[in-house]
Amino acid sequence: MLNLLPNHIEAIQEHGEHDYPDECCGLLLGEFLSNGNKSVSEIYPISNAREEQHKRNRFLIRPAELLRAERYAREQDLEVVGFYHSHPDCEARPSGYDLEHAWPTYSYIIVSVREGYAADLRSWELQADRSQFGHEELVSAKEVELCQ
Ligand SMILES: [Zn+2]
């Protein structure tokens, strides 16, 4: 389960809309909780390093940018708990490329951006055997309040 605030979701949606028709990507900074859940406390947008013609269907984070983000996270006493990226005019489910490049335990948020507007947003987690992604429950603080 991934806990995050409504403004984190909005930030991801806005980044996806801003970079449309290219894919956007970024990191989810926060902490791994003792119960196996993760909580996000900050969204860290980064630029997509793919060549122009490939930006629409896959994302790549340059190692230098990842290192910079990890250093920033450490300074804030946070950890990288996952990644997010957009799927322009495609469903919010991981592609074969996403599966090949995923690591276990991290959360992978995908936002579908249809004709420039953010639509479906889902979080995914690689299954233990790495054969496929499983849907990860997203809980935003607003929903938690509504449940109480
Ligand atoms: Zn993807």
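Under the working numbering, the letters of the sequence shown match residues 319 to 466, in that order.
Just so it is clear, CB atoms sit at the ideal spot from N, CA and C, and this is done for glycine as well.
Since the model is a prediction, treat every value here as computed from it, not as a measurement.
Check, Outcome
"Would DSSP call His453 helix, strand or coil?", "strand"
"Need the endpoints of the beta strand (DSSP E) that Ile330 sits in, please.", "Note, Ile330: premise wrong, no beta strand (DSSP E); alpha helix (DSSP H) at Pro324 to Asp337."
"Over the uninterrupted beta strand (DSSP E) stretch that includes Gly344, give me the two end residues.", "Cys343 to Phe350"
"Whose beta carbon lies closer than 5 Å to any heavy atom of ligand 1, going through the chain in order?", "Ser413 and Asp416"
"Verify whether the separation of the beta carbon atoms of Leu385 and Val358 is less than 8 Å.", "no"
"Give me the Cβ distance between Gly452 and Trp442, rounded to the nearest whole Å; I'm assuming they're in contact under 8 Å.", "7 Å"
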